[in-house]
């Protein structure tokens, strides 16, 4: 029996705020991006639930695989910036 993997729609919704946060051109590391997503208000003005906040690893994989972002190695910490 063949198993097919289905991508979750929730994961895409979870990662959309990263683009919104990084549009200002400020360089940030993964932890700063997660904290910014946590503080970003929803359309209703409420805060996001913990279920809709991406983990640091999800943010790192999204930024690494997305050609819009550039990685700047600062010692042992990776800092990300959006390409213009």
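Residue numbers (the numbering used here): 185 to 268. Even glycine gets a Cβ: it sits at the ideal position worked out from N, Cα and C.
Along the chain, where does the beta strand (DSSP E) that runs through residue i open and close?
i: residue 245; result: Premise fails: residue 245 lies in the alpha helix (DSSP H), 240 to 249, not in any beta strand (DSSP E).
i: residue 254; result: 253 to 258
i: residue 217; result: From DSSP, residue 217 is part of no beta strand (DSSP E) but of the alpha helix (DSSP H) over 214 to 223.
i: residue 261; result: 261 to 266
Spatial neighbours of residue i within its chain, please: CB distance less than 8 angstroms, with the 5 preceding and 5 following residues excluded, ordered by chain position.
i: residue 218; result: 237, 238, 239, 240, 243
i: residue 205; result: 212, 217, 220, 221, 224
i: residue 268; result: 209
Less than 8 angstroms between the CB atoms is what I'm expecting for residue i and residue j, so what's the real figure, rounded?
i: residue 252; j: residue 266; result: 6 angstroms
Please work out which residues of its chain come closer than 7 angstroms, Cβ to Cβ, to residue i, disregarding the five sequence neighbours upstream and downstream, and give them in chain order.
i: residue 255; result: 262, 264
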